[in-house]
Amino acid sequence: MRETGVALWWLPVGAGGHVVVHTSRWWEEFHARREHRPSRPLFHAALEVFTGHGRCAIEMAPAWGPLSGSDGVVATGPVGLHWLGRSRLFRYEVRCQVDGRIPDLAWAPQPPTLIALSAVEADALLGRVAEVPRHTWGRDATGTGEMWNSNSLISWLLQTSGIDAAALGPPDHGSAPGWASGIVAAEQAPR
Numbered sequence: 000m001r002e003t004g005v006a007l008w009w010l011p012v013g014a015g016g017h018v019v020v021h022t023s024r025w026w027e028e029f030h031a032r033r034e035h036r037p038s039r040p041l042f043h044a045a046l047e048v049f050t051g052h053g054r055c056a057i058e059m060a061p062a063w064g065p066l067s068g069s070d071g072v073v074a075t076g077p078v079g080l081h082w083l084g085r086s087r088l089f090r091y092e093v094r095c096q097v098d099g100r101i102p103d104l105a106w107a108p109q110p111p112t113l114i115a116l117s118a119v120e121a122d123a124l125l126g127r128v129a130e131v132p133r134h135t136w137g138r139d140a141t142g143t144g145e146m147w148n149s150n151s152l153i154s155w156l157l158q159t160s161g162i163d164a165a166a167l168g169p170p171d172h173g174s175a176p177g178w179a180s181g182i183v184a185a186e187q188a189p190r
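Counting from 1, position 106 in the sequence shown corresponds to residue 105 in numbering that gives the first Met the number 0; the numbering is continuous, with no gaps.
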């Protein structure tokens with residue numbers, strides 16, 4: 000990677016897990032039947048941001064996972080229903096970790112998409128991570144018909160950085176549920 004910029008990773012939903020891989024597949028099969036289309040592989044996005052003086056890993060994940068409560072948690076929000084967020088089992092964390100680890104990179108089907116940014120732009124992106132809307136994960140917060148989730152965080156960050164997130168997408172004709180939700184939230188944000 001260059002000295003500054005972004006690496007956009009597409010990771011299969013549920014990679015390395017035992018439950019999410021099945022529930023997400025069932026969810027996609029249900030929606031594919033309802034929409035009269037073939038089912039597609041599901042992906043979630045993560046970012047590595049290179050600022051010229053270091054690397055930061057950005058990802059949204061459940062607050063009870065293996066990296067929960069680690070350094071670099073900059074925001075949290077509820078999962079499912081707003082009031083359930085009082086329990087850690089129904090909260091997510093937005094992590095922005097210097098030299099952080101993104102779980103499941105070994106499962107990525109291809110190298111990341113590299114996006115050039117200046118050092119100033121990369122630093123500005125990092126400065127906005129904590130400003131991400133804290134919508135309820137799994138709910139349609141933006142009126143797009145898509146749920147707010149980890150993909151929404153990443154597309155919101157890219158779109159608010161002046162990158163056309165709508166032009167980016169997962170490999171293998173896959174789907175990234177929530178991607179459009181982040182784009183719309185970025186367009187709705189005050190400038």
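Every residue, glycine too, gets a C-beta built ideally from N, C-alpha and C.
Own chain partners of residue i with C-beta closer than 8 Å, once the 5 adjacent residues on each side are dropped
i: A50; result: Per the sequence shown, the amino acid found at residue 50 is Thr instead of Ala. If we look at T50 and ignore the five residues flanking it on each side, its Cβ neighbours are T3, A118, A121, D122 and L125.
i: P108; result: W9, P11, P170 and D171
Beta-carbon proximity of residue i to residue j, cut-off 9 Å
i: V73; j: C95; result: yes
i: I101; j: L167; result: no
i: A62; j: T75; result: yes
i: A44; j: I153; result: yes
i: P169; j: W147; result: no
i: R33; j: D98; result: no
i: W178; j: E145; result: yes
i: V12; j: I114; result: no
i: V93; j: A129; result: yes
Own chain partners of residue i with C-beta closer than 7 Å, once the 5 adjacent residues on each side are dropped
i: H21; result: Only weak support exists for where H21 lies, its pLDDT of 49 falling under 50; the coordinates are left without a value.
i: T159; result: R127, A185 and A188
i: A165; result: I182
Proximal residues to residue i (C-beta, below 6 Å), its chain only, five neighbours per side dropped
i: D171; result: P40
i: G173; result: R39, P40 and F42
i: E58; result: A45, R94 and I101
i: P111; result: A6, L7 and W8
Buried versus exposed call for residue i [16 or more other C-beta atoms within 10 Å across all chains shown]
i: L46; result: buried
i: L7; result: buried
i: R90; result: buried
i: P176; result: buried
i: A192; result: In this structure the chain extends from 0 to 190, so residue 192 is not present and cannot be described.
i: H52; result: exposed
i: L88; result: exposed
i: W116; result: Before going on, a small fix: residue 116 reads as Leu here, not Trp. With 16 or more other Cβ atoms within 10 Å, it is buried.
i: W82; result: exposed
i: E28; result: exposed
i: H134; result: buried
Span of the beta strand (DSSP E) around residue i
i: V5; result: T3 to P11
beta-carbon residue i near the ligand ZN non-hydrogen atom, thresh 8 Å
i: W82; result: This structure does not include the ligand ZN; it has no bound ligands of any sort.
Query raised in the report: At which residue ranges does the segment 51-120 contain complete beta strand (DSSP E) runs of 3 or more residues, listed in the order of the chain?
Result: 54-61, 72-77, 90-97 and 112-114
**Request:** Counting only runs of 4+ residues fully inside the segment 146-187, write out the alpha helix (DSSP H) ranges in chain order.
**Result:** 149-159 and 178-187
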